[in-house]
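Numbering-wise, the sequence shown is residues 103 to 280 according to our numbering.
Positions of the beta carbon are idealized from the N, C-alpha and C atoms, including for glycine.
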Amino acid sequence: MDTTLRLKDIFRPMLITLVLLILLEVFSSTVMPILGILNYRLPFNILIIIYMGFRVQSSTLAIQVLAVQYIHSMFTIEGWGIGTIAGVIICMIISYLREIVHLSSWPLTILVTMLFQLVWFIISASMLLIKSVGYAYILDKFWHMLPEGLVISLMAPLFFILMDKIWQSNSSDSQGDI
103 MDTTLRLKDI
113 FRPMLITLVL
123 LILLEVFSST
133 VMPILGILNY
143 RLPFNILIII
153 YMGFRVQSST
163 LAIQVLAVQY
173 IHSMFTIEGW
183 GIGTIAGVII
193 CMIISYLREI
203 VHLSSWPLTI
213 LVTMLFQLVW
223 FIISASMLLI
233 KSVGYAYILD
243 KFWHMLPEGL
253 VISLMAPLFF
263 ILMDKIWQSN
273 SSDSQGDI
């Protein structure tokens, strides 16, 4: 069975995914500061890209990563460039590991999500160091990434179930069930 998606199969779920990202970014930008959580923002964009890397097999995945990062950049001071490069590299790594890593249980999903967020941080930090950003800034971002990554990783199993509904993938098509 051919599991690659055609363009018409991608448009609707991608649009819903981007609307969901906008809602989650609004939550992260407005509700969290109201609750007193000022210095942390949940990286829902990374969670969406990790999901797409594992579940969405499409030749347009790089463009989809760009779209997610572009929407994310509207809500942060971060540019879309570094995140797009990191996201595409993450999706390439996932494509090589897709046959080995099956997100078959909640603990495994949490662990894999946290590991890929760490890889995302290493890629982004490397690019920031090339841009001559100081080590203090990188270290500060690392200490913020740990709790943010942990929260996102704990949310990953439920979030992936929601995304499976949006992308209408089932366990046989998506390399395991959560």
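| Hey, quick one: how far does the alpha helix (DSSP H) through His246 stretch, first residue to last? | Position 144 of the sequence shown, counted from the first residue, corresponds to residue 246. Residues 237-269.
| task | Assess, as a yes-or-no matter, whether the stretch 247-258 is touched by the stretch 133-150 under the definition of 3 or more beta carbon pairs within less than 8 angstroms. | result | yes
| said: Distance check for Ile124 and Met173, CA to CA, integer angstroms please. | reply: Here residue 173 is taken as the residue at index 71 of the sequence shown, counted from 1. Here residue 124 is taken as the residue at index 22 of the sequence shown, counted from 1. According to the sequence displayed, residue 173 carries Ile and not Met. If you take the alpha carbons of Ile173 and Ile124, they lie about 7 angstroms apart.
| task | Decide yes or no for the touch test of the stretch 207-215 against the stretch 168-184: beta carbon pairs closer than 8 angstroms, at least 3 of them. | result | no
| request: Identify every run of the alpha helix (DSSP H) within the stretch 158-236, keeping only runs that are complete inside it and at least 4 residues long; order them along the chain. | output: 163-175, 182-199, 208-232
| query | Counting along the chain, where does the alpha helix (DSSP H) carrying Leu123 start and finish? | reply | For the purposes of this step, residue 123 is taken as the residue at position 21 of the sequence shown. Per DSSP, Leu123 belongs to the alpha helix (DSSP H) from 109-128.
| query | Do the CB positions of Trp269 and Arg157 come within less than 8 angstroms of each other? | reply | Along the sequence shown, read from residue 1 onward, the residue named residue 269 stands at position 167. Along the sequence shown, read from residue 1 onward, the residue named residue 157 stands at position 55. Against a cut-off of 8 angstroms, the Cβ pair of Arg157 and Trp269 comes out as a contact.
| task | Excluding the 5 residues preceding and the 5 following Leu120 in the sequence, name in chain order all residues of the same chain whose CB lies nearer than 6 angstroms to its CB. | result | Within the sequence shown, residue 120 is the residue found at index 18, counting from 1. Correct list, in chain order: Ile173.
| What does a CB cutoff of less than 7 angstroms around Phe244 pick up in its chain, not counting 5 residues either side in sequence? | Here the question's residue 244 lines up with position 142 in the sequence shown. Correct list, in chain order: Phe223.
| said: Within 10 Å of its beta-carbon, does Val235 have 16 or more other beta-carbons around it, so buried, or fewer, so exposed? | reply: For the purposes of this step, residue 235 is taken as residue 133 along the sequence shown, with counting starting at 1. Under this definition Val235 is an exposed residue.
| Is it buried or exposed for Thr186, if we count other Cβ within 10 angstroms and need 16 for buried? | The residue labelled residue 186 in the question sits at position 84 within the sequence shown. The residue in question, Thr186, is buried, as its Cβ has 16 or more Cβ neighbours within 10 Å.
| said: Measuring only the C-alpha atoms, how far is Pro115 from Glu127? | reply: The residue labelled residue 115 in the question sits at position 13 within the sequence shown. The residue labelled residue 127 in the question sits at position 25 within the sequence shown. Rounded to the nearest angstrom, the two C-alpha atoms are 18 angstroms apart.
| task | Measure the Cβ-Cβ separation of Val190 and Ala164 and say whether it is below 8 angstroms. | result | As a position in the sequence shown, residue 190 is number 88, starting the count at 1. As a position in the sequence shown, residue 164 is number 62, starting the count at 1. For Val190 and Ala164, yes; Cβs fall inside 8 angstroms.
| query | Would you report the Cα separation of Ile150 and Ser255, rounded to the nearest angstrom? | reply | Within the sequence shown, numbered from 1, the residue matching residue 150 stands at position 48. Within the sequence shown, numbered from 1, the residue matching residue 255 stands at position 153. Roughly 12 angstroms separates the two Cα atoms.
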